[in-house]
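For the sequence shown, this note's numbering begins at 79 and goes up steadily by one. Even for Gly, the Cβ is constructed at its ideal location relative to N, Cα and C.
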Amino acid sequence: VRGYDIYILVDVCAYNITYRMYDLEVPMSPDDHYQDLKRIIAAIAGKAKRVNVIMPMLYESRQHRRNTRESLDCAMALQELEAMGVANIITFDAHDPRVMNAVPLCGFENVMPTYQMLKALLRSVKDLQIDKYNMMVVSPDEGAVQRNIYYSSVLALELGMFYKRRDYTQVVAGRNPIVAHEYLGASVEGKDIIVADDILSSGESMLELAKELKKRKAKRIFCIVTFAFFTNGIQEFEEAYQQGIIHRVVATNLTYRSPELRAAKWFVEADMSKYISYLIATLNHDRSLSALLNPYNRIQSLLTRYRAEQAASGISLV
């Protein structure tokens, strides 16, 4: 590897990979994957021209700030990689991109998969009326507002949002339980709704939100998430699809997806492999990433093509 650019792609959430310990089959945790990453860097032993880490789901990215007395795991991991000689860290839709402040002298790119997810949605649903009279963007909580503002801006749609009322006197399963989802925004009646977030963990709050939107007479609900984990399985989403609560869930292939999830009728996968190959080629040739990181023009071209295809195929949108 001497003199080469090395690109290490690591999915720290690939729980399908197992190893044997004490005669038991143990799934690999994010910690195990992170240790393997460090072993690979150590095996390179400083001989490569540059070591670049592509970590779609940033390790410990949800441990990005100290609320009480927690450890700052994400910042420590980034500083550790920098100390090992990593030149560039590329991640997708970081929970809080300000973690890059931990390594101000290291290359850090937070890439948003907005274009690829919209493309996947438009390819799977051919009768969307993308205008402010028939479609709306709703943020699932205050933390996802910036992401949803971007969707509403590039699609020229209105924005609504939910905020989560929590019971801060209790901790259940490691978090303060949600008491209610309160909605702020214009009427969603008769409109298709896009709900965008970075992570779908168990999906419980997304389903609650979808039910609230249906109570307000929303038409179809499209959940767009970068990382779909479904930690409690997909059965509840299957039932929600059968009941007409959820129409589609769009997610990237940046992390492991179970075979059951990939086979689900309501699941749409946004393929990111072509985009990652462009990022690698651009970095390898020492070119600017700016044009690749800003998808605005590509999204507008996508919308123009989509509307032209609708007109050519005679799809009635009245």
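Ranking A389, R335 and N331 by CA distance to the CA of P191 puts N331 first. Nearest C-alpha to V273 among G263, C301 and E282: C301.
At the C-beta level, F240 and V215 stay beyond 8 Å of one another. For the segment 147-183, the full-length beta strand (DSSP E) segments reaching 3 residues or more read 164-170 along the chain. Going by C-alpha positions, S107 is about 32 Å away from H259. Secondary structure of H325 (DSSP, three-state): coil. Between the alpha carbons of Y261 and L237 lies a gap of roughly 11 Å. Separation of I393 and A234 (C-alpha to C-alpha, rounded to the nearest whole angstrom) is 21 Å.
The three-state reading of DSSP puts L278 in strand, counting E and B together. For the 8 Å CB-CB criterion, G81 and K127 form a contact. For Y319, the closest of M284, I86 and Y374 by C-alpha to C-alpha distance is M284. Residues M214, V216, G238, L291, R294, K295 and A296 of the same chain have their beta carbon placed closer than 8 Å to that of V266, with the five preceding and five following residues left out of the count.
Assignment of beta strand (DSSP E) within the segment 284-368, counting only whole runs of 3 or more residues, yields 299-306, 326-330 and 345-348 in chain order.
Going by beta carbons, I168 and E187 fall inside the 8 Å limit.
For V79, the secondary structure class from DSSP, reduced to helix, strand or coil, is coil. Runs of the alpha helix (DSSP H) spanning 4 or more residues and lying entirely within the segment 175-247 occur at 192-202 and 223-233, in chain order. Short of 7 Å from the beta carbon of I358, and not among the five residues preceding or following it, lie these beta carbons of its own chain, in chain order: Y85.
In the three-state reduction of the DSSP assignment, P105 falls in the strand class. Y356 and L370 do touch by the CB rule: their CB atoms are close to 6 Å apart, below 8 Å. Residue burial is scored here from C-beta neighbours: Q248 has fewer than 16 other C-beta atoms within 10 angstroms and is therefore classed as exposed. Under DSSP, H142 takes part in no beta bridge, so it has no partner. Residue environment: T96 is assigned as exposed (fewer than 16 neighbouring CB atoms within 10 Å of its CB, all protein chains considered).
L367 and K197 do not touch by the CB rule: their CB atoms are close to 20 Å apart, not below 8 Å. Rounded to whole angstroms, E317 and A341 show a C-alpha spacing of 15 Å. Less than 8 Å divides the Cβ of Y137 from the Cβ of Y112. Excluding the 5 residues flanking it on each side, L200 has same chain C-beta neighbours closer than 6 Å at Y384, in chain order.
K210 counts as exposed, since fewer than 16 other beta carbons sit within 10 angstroms of its beta carbon. Look at N254 here: in three-state DSSP terms it is coil, with no helix or strand label.
About 5 Å separates the Cβ atoms of L156 and A180, confirming a contact at the 8 Å cut-off. For Y97, no alpha helix (DSSP H) run applies; the uninterrupted beta strand (DSSP E) run containing it begins and ends at T96 to M99, by DSSP. In this structure, T333 sits near F305, with a CB-CB distance shorter than 8 Å.
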